[in-house]
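Q: Can you keep this structure in mind? I'll have questions shortly.
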Ligand code: TXA
Ligand code: MG
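Residue numbers (the working numbering): 1167 to 1517.
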């Protein structure tokens, strides 16, 4: 399949013309990649089951893993939902547009292809101006998972999208690096108190300030080696995720212990040390003398680390790294989403 590619940096006259062209593809039942503030998305008309099936095919995604539906403005959710709870209304007022996805009771118009057969639908109004202009131009709700091959790290740079989906999708809008770099926070608003199903840039504390009370799904709250989820609430949480090709381990302990352990692993390794990756931060990267060392950014800036994690995992792949040792990150309100992605990428392998 030939993929039509447009690079849009700003929404000037040419940018808007390109958006119109991509929206036309969407209306013809094609899949189109577009940038959002979280990660790049692979979109299709949510009311066109044939187009939706193309998303699953392009990504190699299991059909029972439901999609998030994106709309350009809050009013556009009415055809999609049967009920908007009081909690949902509060969250919509504060966090939309933005990196928050709300699960609500679906209307009959939303097909089982989108929801994986569930009677709920996940919805988000993205903040990214190009995403909003594209969805508005398409005049339809846009179902869009992250624009990566299933199981690979989510795409936060246009290069990741090209690497994974060139010739597999109808169109691509390429733009700048994703601002957040982690997928949206997913909150189930069909239950009281609402429950966080996937942590993201909008944190537990942010939600609590607005709702008073909020729960965290069991498979993210007790985040350690004992937490391999048994209760799967967000269907996407049950699949291998974000995995680099090299084998990834999270190294636990106090900082000095972590450094010592990793340096020990390096010493034992007989082959080319550049086959060993180390995922560190600005403050610790100088503690390592061998191996392929990448920093996620400053430990004092979890948002910066979140922006870089998926790109770092892909860089290790590109450089043919076979084993990656990642320093553990200490858990708090701001690091929960980052840790959740790191542990999932490692398949909960700890050293
Ligand atoms: O930031 C994001 O959310 C990005 C951008 C493109 O918007 N999208 C994204 O989509 O991350 P995806 O498909 O990679 O992740 C969707 C998540 C999955 O964990 C899925 O199981 C969950 O949302 N989800 C979708 N519909 C759901 C529903 N009805 N109930 C519970 N979880 C749902
Ligand atoms: Mg995804």
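All residues carry an ideal CB built from backbone N, CA and C; glycine is no exception.
If we ignore side chains and look at the alpha-carbon of each, how far apart do residue 1291 and residue 1243 end up?
A: Near 9 Å, if we compare the C-alpha coordinates of residue 1243 and residue 1291.
Q: For residue 1213, which three-state DSSP category applies?
A: Coil at residue 1213, not helix or strand.
Q: Is residue 1188 buried or exposed, if buried means 16 or more other CB atoms sit within 10 Å of its CB?
A: The residue in question, residue 1188, is buried, as its Cβ has 16 or more Cβ neighbours within 10 Å.
Q: Taking 7 Å as the cut-off, does the CB of residue 1365 come closer than this to any heavy atom belonging to the ligand MG?
A: No.
Q: Does the beta-carbon of residue 1283 have 16 or more other beta-carbons within 10 angstroms, so that it is buried, or is it exposed?
A: The residue is exposed, with fewer than 16 neighbouring Cβ atoms inside 10 Å.
Q: Can you tell me whether DSSP reads residue 1471 as helix, strand or coil?
A: Of the three classes helix, strand and coil, the one that applies to residue 1471 here is helix, per DSSP.
Q: Near residue 1297, which residues of its chain fall below 6 Å by C-beta distance, leaving aside the five closest residues on each side in sequence?
A: Result list for residue 1297: 1200, 1202, in chain order.
Q: Would you give the residue range spanned by the beta strand (DSSP E) that residue 1424 belongs to?
A: First-last for residue 1424: 1421 to 1434, but that is the alpha helix (DSSP H), not the beta strand (DSSP E).
Q: Hey, would you say the C-beta of residue 1234 is under 7 Å away from at least one heavy atom of the ligand TXA?
A: Yes; taking the cut-off as 7 Å, the Cβ of residue 1234 has a heavy atom of the ligand TXA nearer than that.
Q: My output table needs one value for residue 1196: the three-state DSSP class, helix, strand or coil.
A: Correct three-state label for residue 1196: coil.
Q: So who's on the other strand from residue 1490, going by DSSP bridges?
A: DSSP, once it has assigned bridges, lists 1414, 1443 as partnering residue 1490.
Q: What are the partner residues of residue 1353, as DSSP defines its beta bridges?
A: Partner(s): 1268, 1362.
Q: If I measure Cβ to Cβ from residue 1518 and keep anything under 7 Å in the same chain, skipping five residues before and after, which residues do I get?
A: There is no way to answer for residue 1518, as the model of the chain reaches only from 1167 to 1517.
Q: List the whole-angstrom C-beta distance separating residue 1204 from residue 1269, where the pair is believed to meet the contact cut-off of C-beta under 8 Å.
A: Rounded, the Cβ-Cβ distance is 16 Å, inconsistent with contact.
Q: Which first and last residues belong to the alpha helix (DSSP H) in which residue 1374 is found?
A: Residues 1370 to 1377.
Q: Please indicate yes or no: does the CB of residue 1349 lie closer than 7 Å to some heavy atom of the ligand MG?
A: Because some heavy atom of the ligand MG lies under 7 Å away, the Cβ of residue 1349 counts as near it: yes.
Q: For a quick check, are the C-beta atoms of residue 1319 and residue 1206 less than 8 Å apart?
A: Going by C-beta atoms, residue 1319 is not nearer than 8 Å to residue 1206.
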